[in-house]
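A short worksheet on the structure shown next.
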Ligand SMILES: [Zn+2]
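Numbering (the numbering used here), first residue to last: 120 to 241.
Right, dumping it as structure tokens:
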């Protein structure tokens, strides 16, 4: 019996797609697939359904390092504003409106809001 063919763990596979930063608290940049919204994706094998499923790379990283989400209905947000960053230290749980607030504060959502001024829903 040979045990030489050691299979890589899922997390080892994950880390192969990450470019680690040169500075200690820099962003971990995702080198794998990226969605049109700019987030990294990572395929994991679902053992119960026996098929691949696609996960958000940053969410995978967050769950790996934190075990679970404190509030599963929340989004995982980036404190660094780099969408394909998967550094668990840069990831926090937040609501959708937190996301919007961040965008407003950073001026990123400004254009969209100005464009929608004429179609007030009230
Ligand atoms: Zn980052």
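We treat Cβ as the ideally placed atom computed from N, Cα and C, and that holds for glycine.
Looking at the strands, I want to know which residues DSSP matches up with residue i.
i: residue 212; result: 195
i: residue 148; result: 138, 204
i: residue 159; result: 153
i: residue 168; result: Answer is none; residue 168 lacks a bridge partner.
i: residue 174; result: 161
Quick check: does the Cβ of residue i come within less than 6 Å of any heavy atom belonging to ligand 1?
i: residue 206; result: yes
i: residue 184; result: no
i: residue 209; result: yes
i: residue 201; result: yes
Are there 16 or more other CB atoms within 10 angstroms of the CB of residue i, so buried, or fewer, so exposed?
i: residue 186; result: exposed
i: residue 179; result: buried
i: residue 196; result: buried
i: residue 163; result: exposed
i: residue 137; result: buried
i: residue 205; result: buried
i: residue 229; result: With a pLDDT of only 46 at residue 229, under 50, the local geometry of the prediction cannot be trusted, and the value read off the model is given with reservation. Classification for residue 229: exposed.
With a threshold of 8 Å on Cβ separation, who are the neighbours of residue i within its own chain once the five nearest residues in sequence on each side are excluded?
i: residue 82; result: As displayed, the chain neither begins before 120 nor continues past 241, which places residue 82 out of reach and without an answer.
i: residue 189; result: 212
For residue i, collect the residues of the same chain with a Cβ closer than 7 Å to its Cβ; drop the 5 residues on either side in sequence, then sort them by chain order.
i: residue 113; result: The structure shown has nothing for residue 113, since the chain only spans 120 to 241.
Near residue i, which residues of its chain fall below 6 Å by C-beta distance, leaving aside the five closest residues on each side in sequence?
i: residue 199; result: 146, 209
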